[in-house]
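Right, one structure below, let's go through it.
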Amino acid sequence: SLPSVSVDTASTTTTATATTTRSSLGREVASETFLLTRLGFKMLRYLEVGYKWITRFLALGCYAVLLFPGFIQVGYYYFFSNQIRRSIVYGDKPRNRLDLYLPKNSNGTKPVVAFVTGGARIIGYKAWGSLLGQQLSDRDIIVACIDYREPSVMIYDASQGISFVCNNIAEYGGDPNRNLPNGLGQSAGAHIAACAIVEQAIKEAGEGESTSWSLSQIKTYFGLSGG
Numbered sequence: 001s002l003p004s005v006s007v008d009t010a011s012t013t014t015t016a017t018a019t020t021t022r023s024s025l026g027r028e029v030a031s032e033t034f035l036l037t038r039l040g041f042k043m044l045r046y047l048e049v050g051y052k053w054i055t056r057f058l059a060l061g062c063y064a065v066l067l068f069p070g071f072i073q074v075g076y077y078y079f080f081s082n083q084i085r086r087s088i089v090y091g092d093k094p095r096n097r098l099d100l101y102l103p104k105n106s107n108g109t110k111p112v113v114a115f116v117t118g119g120a121r122i123i124g125y126k127a128w129g130s131l132l133g134q135q136l137s138d139r140d141i142i143v144a145c146i147d148y149r150e151p152s153v154m155i156y157d158a159s160q161g162i163s164f165v166c167n168n169i170a171e172y173g174g175d176p177n178r179n180l181p182n183g184l185g186q187s188a189g190a191h192i193a194a195c196a197i198v199e200q201a202i203k204e205a206g207e208g209e210s211t212s213w214s215l216s217q218i219k220t221y222f223g224l225s226g227g
């Protein structure tokens, strides 16, 4: 007699249904993506944005995709490196914070750079300096990336951050008498840092103004890409 063969029809039906569902979902996602893309180009045409600008926008998107692996590397370093002391408080406002990038070699005292990041005076943030912090800390330099609030108080915040670096960096292994801390700013941050230094000079030239740091504590200033 022939052996009997049992077939689990329920299991087979479930597997087939799951496969069909995934296939259907994939087609739906592809269809929606195509529709949204088509509507996006239709909107651009409605706004009279020519194909020349659309081509440039697509080229910019491709450029961002090519840079993305680098962003991932820097982001991983920023959030997981034990060389970074993130969000050290330098004032009593929500964004009065700075990040310290410390060298791997902790022997002896280190030179220091106080860095004010750029951001078009709108999106400035301390984390934007992570690549600079990584490169300089690898060269045995402590880097302080200063965060600040938006336009009306950004110079005041930068000055407070510089004051903290000048007066407290020794606690983190920095040497305030070693031709540094250097003042450094990038793009909008270069202008903000320069304004903070000029404002400090005006205060020191006046009579009876109390100051928490001195220009003599900043040995050099360098404005990068737009100061």
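Heads up, the sequence shown is in the UniProt record's numbering, so the first residue is 1 and it goes up one at a time. Built from N, CA and C at the ideal position, the CB exists for glycine as well. Treat the numbers as computed from the prediction; the structure is a model and nothing was measured.
Which one of the options has the shortest CA to CA distance from residue i?
i: asparagine 177; options: Gly119, Ser163, Leu131 and Pro111; result: Pro111
i: serine 216; options: Gly223, Ala201 and Lys93; result: Ala201
i: lysine 93; options: Tyr156, Leu100 and Phe41; result: Tyr156
i: phenylalanine 115; options: Gly26, Val74, Thr55 and Gly161; result: Gly161
i: valine 153; options: Ser31, Phe222 and Ile192; result: Ile192
i: threonine 220; options: Val29, Asn182 and Leu67; result: Asn182
i: tyrosine 125; options: Ser210, Gly91 and Arg149; result: Arg149
i: leucine 136; options: Phe164, Pro151, Asn105 and Ser31; result: Asn105
i: glutamate 171; options: Ala127, Leu102, Ser212 and Gln134; result: Leu102
i: isoleucine 169; options: Leu98, Gly61 and Leu35; result: Leu98
i: phenylalanine 41; options: Ser31, Pro151 and Leu58; result: Leu58
For residue i, count neighbouring Cβ atoms within 10 angstroms of its own Cβ and tell me buried if that reaches 16, exposed if not.
i: tyrosine 76; result: exposed
i: tyrosine 63; result: exposed
i: glycine 108; result: exposed
i: arginine 38; result: exposed
i: serine 163; result: buried
i: tyrosine 46; result: exposed
i: leucine 184; result: buried
i: tryptophan 128; result: buried
i: isoleucine 72; result: exposed
Output needed for residue i: all residues of its chain with C-beta closer than 8 Å, excluding positions within five of it in sequence on either side, in chain order.
i: serine 225; result: Gly118, Gln186, Ser187 and Ala190
i: leucine 131; result: Val74
Going by DSSP in three states, residue i sits in which element: helix, strand or coil?
i: glycine 26; result: helix
i: isoleucine 142; result: strand
i: asparagine 168; result: helix
i: tyrosine 125; result: coil
i: serine 148; result: The identity of residue 148 in the sequence shown is tyrosine, whereas the question assumes serine. DSSP places tyrosine 148 in coil when its eight states are reduced to three.
i: leucine 2; result: For leucine 2, the predicted structure reports a pLDDT of 47, less than 50, and the residue's modelled location is therefore unreliable. A value from the coordinates is still provided. Three-state result, leucine 2: coil.
i: glycine 161; result: helix
i: glycine 40; result: helix
Excluding the 5 residues preceding and the 5 following residue i in the sequence, name in chain order all residues of the same chain whose CB lies nearer than 7 Å to its CB.
i: valine 89; result: Asn96 and Arg97
Return the chain-ordered list of same chain residues with a C-beta closer than 6 Å to the C-beta of residue i, the five sequence neighbours on each side being excluded.
i: arginine 85; result: Leu100
i: isoleucine 218; result: Gly183
Uninterrupted alpha helix (DSSP H) stretches inside the segment 44-122 (no shorter than 4 residues): 51-80
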